Every structure is written in C-alpha cells, then in structure tokens.
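Q: Could you have a look at this structure, given as structure tokens, before my questions?
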Amino acid sequence: MGLLQWCELRPEGPSGDIAAVLFPQPVRVSSIRIFPTGAQPFSQSPTTVAETEPEAFYLNVYFNAQAVPTPGGSQETQSQDKRQTKNALVPTRIAYAGGQTDFAVDMGSEYATRLVIFQGGFQVISMAIYGERVTELEEVADYEPKPLPSSSHISLPSALDVTNSAKPVSLVHQILSLLPSPPPLLLVVRLMFCLKPDSEDWDDPEFPYVYSDLDKRFNEDDVESEVFDLESLVKTVSKPLRDGVSAESLNEFAERMQDFLLSNQHLNLPEVFNENVLDEATVLCLLEASSNIEISRYFRDDEPFLLSLEAMQSSLKAEKPTQKALKRLLARIHGWETFEDALTNPNGDFAAAAAFLKDISMEEYALGCWLECMINHEDLISKLEQTPPAPGSQLPLLFQDRQAEVSHDDFLAFVRAFLGITPVLAALAWADSIGNNMCTERVLGILVIWQGVNGYREVRLFHPAEGQMTRRLQWIKNDADNQQPKKSGILAERLVVGLAKDPIAMLRDDLITSVLSLKAPFSFIEEDEILEMGKLAKVARDGLLSAIDELAYNSVRPFSLRRLRVLRVSVAIITEELNDDDGPWRVLESFWNEHGQGLIPRLVTILYDLSDDLNQHFTLHSIPRMHQTLAELLFRTADDFMHLITHFVSDYPLVARDLQRVTTAISDLYSCSDAASGPFSRTSTAYLAAQSVRETCPGFLSKLSRQDVPSEPDGLVTQTMLRTLFDNASRSVGRDPVQQVLLVYNLVDSIFPQDEDPASSSWTASVFPTILSELRAFCNLLDPETQVCFIERLVKLDNEETGLGAWLLAEELQRLSAVFDVLPHQQDPDCQLLLQYQLSASFRLLHLLITYPNLSSWTISTLASNSDLSQLLDSTLSHILEANVCSSTLVQLTRELAKYSTEFTPDTRQNILLLLLRNAQADPSVTGTLDSVPRTLQTLPSTSIAPLPLRNELGRTLSAYSDNASTMKANTAELLLQTLEWLSSQEDVKLKTLVGIAPEGLDYLCTTLSAILPPSRAEMVSSTRAKLSTDEDELLLPPITELPDPDAFALPLSALENLLAPKKLKEPSTPTKGTKTPDILGVVISPPTALLRSPAATGLTKTYANNDFRQLRQMPSTRLNTSRLPSTHVDEFGQQPTASPEMGMGLLLPAMPLDPLSGAYQGMSGML
C-alpha cells in the first residue's frame, strides 16, 4: 500500500458542496486519511501544512467502480463486465469529528476506480489517499509458491492492561487527573454507585464536597441540629462522610441508633429479625448491608443469627421471594469468607468466589460497597498484593455459566480486571455528569479498545454498571449535534453496536430502550446494522412468545448474520426463563400451544442445520474466502443450542431420530472446531468460539449418555449414539478422514463411563450386544496405537463379564487370517501393497497388546486360556510361515510371544519357534534373535514335535549362521551349541538329519564354535557334530515378502483412486435366438408321452375326465384366484396329439427351485 494522492479539496459546482479526485489510471483505494488544520502530514516536507474546515462534518463519498479483468477470461466476457459497471457509483459515508483520522476502504479485488467524488458541508479538506495501482493481470504460466502472510498479535498497552498491573486502580487515577479539579476516587464511587446525589446537591457551590457533618449533628449545644428520632438519624448519613470524622461522633451515632432500636445494651439480632417481621424488603436491606466486609463479618460471627436465617430460609411458612432473598443473603455472608480465602489460597474454591463476585455485582449499590472495601481495606489490599501478576495472564470468563476450571493466577487476574474496570465506569459516569467532553471521550476510547480484547469484553458485558453506561451512551448519542459529528457520539455508537451483538446484554431493559430510541444520522452504525439491532431489541422486548416464534420460523439456508443473532437472543430469552422452578414446563407448553409441535425436536433440527452450514466452511475443497465473522457466529450459536438442549434432555429424552441427528451434528461440530485451528489465529474471536464448541461437544454427549432411558426402537440412548458415531467415522465429510476417525474416537471415549462409576461394570452387557458389527468396523478404522487404548478402555469397562475384549482379539486374528487367504490370489500390485500394509498394521497391534503395561498380562492369559483364541493364534502363525512374510514388527512380536511360549499349546509353541528361526535366518548379524530358541526347544514335548518342518528351519538357520560365522559373538555361539546339543539328544532320527545345510557348512560352523567358545564348552562341539548328519536335498521356499513399515506407508494418488473407484461389472448379453428344430439330444432327454400318462407319474401330472376340471374351477376358492374362463378342450385331452419335446421339458421346470438344498436355488438366491 502506497500514497496515491495528496490533495486539498475545495467544493465547486452549482451546489457548492462537491469535489472530485481523478486518477490517471485505475487504482484500488485502501484508506483515506484526513488531517486537521495546522498538521504537517510529511516529515520530509515541513512546508506542507494541512487545512481542513470546519472542524467536523459529514462527507458522502462516491467511487466510480470499474471491473478488473480476470486473467484467462475471454474478451467478450471482459467487455461485458465493463459494460455492466460503466458509470456505476458506489456510495459510502464518513463522519469526520476532528483530528487526524483514517477511514478504511474495502474495495475487494474485483473492482477498481479512477474517480472519487466527495460531497458534504466542507470548505476545504486536506487528505491523503492510500492504495495501489491496478495493472493488467497477465496469465500465469508456472505456479510459484509464496508464503502466506502471518498475522501478528498486538498486545494491549501496559497502561490499559489492568489484568497484569500490580495496582489496577492506577488507570482511573490517571483518567480523573484530566479533570480541572479531580475529586477523590472513593467519593466518585460513592456518588455514582452508592449515594446518588439529590437534584439540589448538584446546584450546591461546594458540590461534590457535600458531606454529612456528624460532628455538628451530635453537638449538644446546637439544638436545631439535634437528632430526636430514628428517621432523622438515618438522614444524617444520607450523604458521604468526611474522611476525618472523629471517633466520638461515630460512637455517638451508634449509641443513638441503639437507643432508638432497643433499650437493651446488647442487640439480639434473632429477636429483631424473626420470621414474623422479616419480609423480602428487609432481607434485601440486610443483603445490601452485607456487601460491606465488616458488616458481613459481624453477621458471620453471630452464630445464633446465622442459624435463625438458615431456619427461616428452609421454613415452609416463608414466601418464595423471601426465601430467595435469604438464600442470597446467606451466600453473600459466606461468600466474603470464600473470596478472602481465594485471594491467598492456591487451592481455594474459585468457582464459589466467582459466584460471590457475580452476585455482588448485580446491584450498583453492592458493587460500590465492594469496590470501596477493595480500595480502602488494608487487609484486602495486602492479600491481593501477596501474589504478583503472572506475565501474560489471560482473563478467564468467570461470569459465564459455561466456565472450565481456573487456576489461582487466573482468578487473581480476573479480580484485578474487575477491580480496574469498575472504577473506570464510575469515572465515565462522573465525567458525563459534569459535562467534561475530553475526559468522556478518553474513557469511551478506552472502553472501545477493551471491547475488542478477549476477557475485557466479557467482563464489561456482564458488569452491572453497563446498565448505567448504556443509558449514558444513549444520552451522548442523542444529545450530539446532528449537523456535526462528535467523537463521543461516534465512540458511543461503536459501543452500542458491540453491546447489541451479545445476546445476554441485549436482554437488558436499558439497552433495549437505547437501541429503540436511536435517531439518525449515524456516524458509525450502518443502515443494515440499525435494522438488525432494532429486530434484536424487539425480540428481547417481547420476551418468550417472540423467542418461540423465531425458533419455530424456518430459516433460509445458509444462515445469515442477522438470523444467527436473532436465534442467539431467542435462546438467551428461553435460558433466562429456565431459571424459574416451572420454567422448563412453561417454555415447552408455550411452544406447543403456539405452534403445535415439540420444542426439543425443533432445537435439534436447528443445531443440525448449524453444523451443516459449518461443514461448508471447513472442507478440503477450496472456498473463495473464509467469512470469519459468520464462522464465529455459527460456532457461538451452536454452542448456545447445545447448552439449551442439555437443560431439557434430563426430563424429556430424545427419540431415536432426534438422537441420531443431534449426535451427527455434534460429530460435525467437533470436527469443524478442530479444523478451525488452521485458518484462524489463536487470538481471534473465531478461534476462541471454535475452542468453546470443542470443549462443549464431549461434555454434551457425556450428559446425554447418562440418561439411561429407552430410545425406541433402537434400545438405549447410548446404543443409538454409539451406532451413529461409528457410522460417522467412515462417512465422507470433505475433511481429512484419518483425523475424522480420531475425533470420533474422542467423542466415543467421552460417552464411556468413568472407571469409578459403579454402573460401569454392567455397562457393556447392556449397550454393546446390538452394535457389535459397528463396533468391530470402527475398531478396524483406528490406527494400532489408538486401537490399543480403545481395547484397554473396553476391557476395563467389561471387567471380564461378557468377554468383549476377547471377542475383538478373535476378530482381529480372523481378519488377519482372511488377509492371508486373499493375498496370494490378488493380482493388482497396488491392492497387494495395501493388503501387506494391513498385515503389518495387525502385527503392530498384536505387539502393542502384548507389550502394553495395562494389557500385557490380560492379552497373554486370554490367548492362552481361551481354546478358540489359541486355535486362531496357531492358525495365524501357520499362515505367516506359509506366506513367508517378514518385517521388523513381526520380529518384535515373535520375540514377545516367545517370552510366554510356555503358556501356549505345544503346536502354537512350535510355530513360535519356527518363526524365531525364520527371523534369525533373515539377518544372523542381529543380536538376540536366538535368545529364546534353546529354552523353547527344551519345553517342546517330544510327542508333539513335527520333525520335518522343525529340522528344515533349524538347518536353514544353521546354514545362515555358517555363512556369517566370521562376525559371530560368544553368546550367539553358546546358543547355537545348545541348539545342536538338543538336536543330538533327540531319539527321532529325522531331527538328527539336518536339511538345508551342506556338510561343509556344518563343519565350518562347528569349527567356528570351537574357536569362540571356552575350552570346557568347545570339547562338546565335536561329540555333538558326530551325532548329526545332513541331507543335501534342496528345500524350496516361497519368496520372502518384505512388509511395509506401518509408520511409512506410501501409495501413489493414482493407485489410491483406482482402488477406491467402483468396479465395473461385465454387462450381460442377450443370448442369440436359436432354432426350434429339436436335435437328437432333445428327443432323448424329453420324456415320452406314455411316461407322463403312467399311474406312477401322478405326482407330476394330473389328467381330468368328463367335467372334473369344470367342477374344480367352479369352486369359490379357485374362482377367486383366476380370471380364466373354463377350458373347452380339456375333455379331449387324451385324444390330443403327443406333446412336443419342448412342452415336456417345460412341465418339469417349475419344480426345480422348490428344493432348498439344490445348487440352482442357492445360486439364484445369491444372485438375488
């Protein structure tokens, strides 16, 4: 971006309010900067001085739009675009309120301009126009990759970052110093939050220093000021007290109060505040009083008083509003204690402390008392300063109901932010009250900055002083001169727009009134924004019925920003209604009465539509441009709907169809929230919204699965949810399928009960029997590492009650054997590679199961004790030996199996031994390959040994070590000698005759062993060699197949497309029409007519005589099943000519498929 034009514009034309800038070539404007009078725009040109009159004005700007030709487009298309945009003016409006101001212009990449027209009530304008020149785009022949621009996070200035400030109130002191005569901060807090000044006080010349003079009131010599009754005593403290009031006056005030209340010296609070006199108004007064820490401590130390309050709160005689107020009073009394402890205790109850802050901030009076205590109470100040701010602390959203666990540092950061923001709002109220525009604009500018910072924005939105601030924003906007914009008015509009975008803030009566009373012209708010804000305000004003209508309305898809904000406000209204005891029933009943349908299915439908819209933003297919604001709002709205549905599912369970839809929606939302981590910055609001959804989705499914109620017709809720998730794992959603499976696994794991849950023992028996096929298919989709964790979770849940883990293990072994059966017959090399990878992945899984700490003993005991699994394992090992495959994973698996070989059957043990020998043959230089061979040989029963395969593998192994004898180590030599000794000790002659090794090779091996081994063992070599013989017959093995590494599997994209492409079936052809002339075989096969007439063939045919056939067809039952008329020629059947051979064959055909065991029937059923 560069400077396109520096100019001083003066109005011309008949109306005297128009000026224009013409560029020599098309340009794309990015910003317009206006300089005030006297400013020097360029440091290198001090003689250039700006001149802009008047100081503030509205300006209409018109851009002459020209379409930018796209590369590769036809000349006809480009000329058509130029004709469509010829002389098209794009209008906009800017409000200049003085000072150096930048106005951003977003022209996009499709259009450019050569002419900019300015219209307004100005005399002269000094401005700089920035942008870039547009040139003809040349068609790119070769693509050159360029790095994408990275966005940098701009941190909040330290002066405004009260979260990381050791003295959070220092900012408000700087703000008050802008006033000509700044009052003390505590006085501002008291006047703006606690003791609102009377109208006559504002006219007092000494205001705001108008105090209650207790020293004068309790001076006995001044009869006019003497206090004679309780009402006069209360009026004496209706104004702030001086900081230097004497202790004698305070004691006198307390004594007079006690005298008027009771004659007793000690006040008995339980007798004063009993259930007969304690109404809601009195409790609320006590609630306000307990906002002060000293009064709260006094109440807390009076144990009889607390017990009486608790008894009245639980009494059935008390009214509900009074009980509710008593509950708040007790919570506030104990909340001060919890809050004090949380300031210094790293393990404090931060959730309860946050609830205390949220409650105390619901009224301005209580907030003012808390703020004064935090500023003026030395004990609280010292506790807060004990822990210095952690660098880079982020504000947690403690005032939101959906808040995760926070640390001690996060809680203190929130307290500092709350302590720093609250007095700033008080300073705004004071500056606006006294009409100081400079201070007001400065505070509004700070609030605008905070509105764009995560954490600060949420603290402000939930702040109780926002109601007063909203009213003041309305006054600032409407009191501004409509002919001349002001900075305060512009900032007020920006704040109102930001507040209106939050659904919780939109429910406040002050904001609703402010939005509906906004008047044009607007300096910041656009026309569509004011319409949208008006819609939101009307929905919030009309309440529950309006929210119900909005939820029942069928939205146009995809959702627009306005529609999403309306839905969020509607959800906020319903959520607020649910706080009452009968709220859920009232909401459901109202929805049914208004629209004749259930609310919960409607909520599920909207959530499903939201997830579908988000799916369009996060796919592997490229989209023109990511709409970050829309994506953020979709995430926020989906999050609101999930929490709203959670309120109902505990009492009103979902049916199967809604369960499937909501589970699919949650799966898609979870995947989209994971995909959002790529395109969005970690500090953006869209990313934070996506992370909020990512945290909500597992919890939502977990709560939904805890509802152990039937969901007809598919059984329990959990069964329906798991079946849907298993199906979604293999469903194409346009994203990375591997990541999709892992995300579904996370959701499945969130549904499973925790190990400490007492109901988890019988959980698998009631949930999995009907979804075993889906469970197996999902388990096969997981990678080996995740699959092991999944099996471990299932084994712990099952606790050996149903044998679910053993069943999965058996299925894996069967699948492994099935691959071995298919692999030799597969001709496609790509498919062969894929099957080999599947074998390697299965070997990895089995190896992980045996070596996994929590599953090793279970896996071995299951394989050894279960006869079916032992047989499957033995069959799998036989397949491995027959196919002659090898891989590093298989070597590790074989070694682990050999450690537990004694646990298995002799046949399995021998197959393990044969695999050990086969692995040793592949690379004799690897140490440790023979460690388990002698021990396994010793454990083999002689009656179970298959001598031929064993001697063959031993011979080839010895031959391999003979060829590599030069690098043999001593421990390897000892293992080989033990193997030879075992062979020589066998009674079976076949085992003593080695095959696969030449006599010279065996002699050389023995010579090498004698040279390496110590003398005591070397003497045994020659005697052992003398007992062995060799057979030089050559052994032919299938070629060795090296399996691919499961971590480095690679397949060309074209090969993957061919594998996934549907197979083309051979089109069936119609047989040619043959001759009807019977051949000699037809005559021989066809039965003669005499055979058909034989009495022995009555089961095949039936003949009729006379009128038998007619009588049969005239029966009602037969007449109903046919529309044919009675035959007229059957009577002469016997006199008809002999049937042709084709007819004889046709009589036999209908009886052929009736045999259910016939091959023809089975073949036909398979085709069907």
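Going by the numbering used here, the sequence shown opens with residue 61, and the numbers climb by one from there.
Glycine residues also receive a C-beta, built at the ideal position from the N, C-alpha and C atoms.
These numbers come from a predicted model, not from an experiment.
1. Who are residue 176's beta bridge partners in DSSP?
2. Nearest-angstrom Cα distance between residue 547 and residue 183?
3. Express the C-alpha separation of residue 839 and residue 889 in angstroms, rounding to a whole number.
4. Distance check for residue 506 and residue 220, CA to CA, integer angstroms please.
5. Between residue 665 and residue 720, how many whole angstroms is the CB-CB distance? I'm expecting something under 8 Å.
6. Specify the secondary structure class of residue 70 as computed by DSSP and reduced to three states.
7. Go through its chain and collect everything with a Cβ distance to residue 1125's Cβ below 6 Å, but skip five positions before and after it.
8. Mapping DSSP to helix, strand and coil, what is residue 1021?
9. Starting from the Cα of residue 897, find the closest Cα among 179, 946, 306, 459 and give me that residue.
10. Which residue comes first and which comes last in the beta strand (DSSP E) that contains residue 191?
11. If you count every other CB in all the chains shown that lies within 10 Å of the CB of residue 509, and 16 or more means buried, which is it?
12. Give me, in chain order, the residues of the same chain whose beta-carbon lies closer than 6 Å to that of residue 1145; leave out the 5 immediate sequence neighbours on both sides.
13. Check each candidate in 1040, 518, 1011 and name the one with the smallest Cα separation from residue 1086.
14. Since residue 730 is in the alpha helix (DSSP H), which residue starts that stretch and which ends it?
15. Let's test the definition: count the other Cβ atoms within 10 Å of the Cβ of residue 291 and tell me whether it reaches 16, buried, or not, exposed.
16. Comparing alpha-carbon positions, which option in 299, 231, 239 lies nearest residue 260?
17. Return the chain-ordered ranges of every beta strand (DSSP E) run that is complete within the stretch 1089-1131 and spans a minimum of 3 residues.
18. With DSSP as the reference, identify every bridge partner of residue 1239, one or two as the case may be.
19. DSSP three-state label for residue 99, please.
20. What residues match up with residue 87 in a beta bridge as DSSP calls it?
21. DSSP on residue 355, reduced to helix/strand/coil?
22. Would you say the beta carbon of residue 517 comes nearer than 7 Å to a heavy atom of the ligand COA?
23. Is the beta carbon of residue 1084 closer than 8 Å to that of residue 1054?
24. For residue 561, does the count of other Cβ atoms within 10 angstroms reach 16, so buried, or fall short, so exposed?
25. According to DSSP, simplified to helix, strand and coil, what is residue 814?
26. Among 741, 477, 492, 723, which one has its Cα closest to the Cα of residue 758?
27. Assign residue 150 to buried or exposed, taking buried as 16 or more other Cβ atoms, counted over all protein chains shown, within 10 Å of its Cβ.
28. Could you tell me whether the stretch 421-437 touches the stretch 241-256, using the rule of 3 or more Cβ pairs below 8 Å?
29. With distances taken between CB atoms, is the gap from residue 92 to residue 503 smaller than 8 Å?
30. What span of residues does the alpha helix (DSSP H) with residue 613 cover, start to end?
31. Check whether the stretch 448-458 and the stretch 490-498 are in contact - that is, three or more C-beta pairs closer than 8 Å.
32. Which whole runs of the beta strand (DSSP E) in the stretch 541-624 are 3 residues long or more, in chain order?
33. Just to check my reading of the structure: residue 86 and residue 194 have Cβ atoms closer than 8 Å, yes? What is that Cβ distance to the nearest angstrom?
34. By the three-class DSSP mapping on this structure, what secondary structure does residue 1000 have?
35. What residue from 444, 373, 475 has the CA that sits closest to residue 415's CA?
36. Identify whether residue 466 lies in helix, strand or coil by the three-state DSSP scheme.
A: Reading from the atomic positions:
1. 81, 123
2. 20 Å
3. 26 Å
4. 8 Å
5. That pair is no contact at about 12 Å.
6. coil
7. none
8. helix
9. 946
10. 185-193
11. exposed
12. Low confidence applies here, because residue 1145 scores a pLDDT of 49, under 50, leaving its location unreliable; read the following figure in that light. Same-chain partners within the cutoff: there are none.
13. 1040
14. 716-735
15. exposed
16. 299
17. 1089-1091
18. Shown here, the chain extends from 61 to 1228; a query on residue 1239 therefore has no answer.
19. coil
20. 173, 193
21. helix
22. Here there are no bound small molecules, and the ligand COA is not part of this structure.
23. no
24. buried
25. coil
26. 723
27. exposed
28. yes
29. no
30. Segment: none, residue 613 is in no alpha helix (DSSP H) and carries neither H nor E.
31. no
32. none
33. 4 Å
34. coil
35. 475
36. coil
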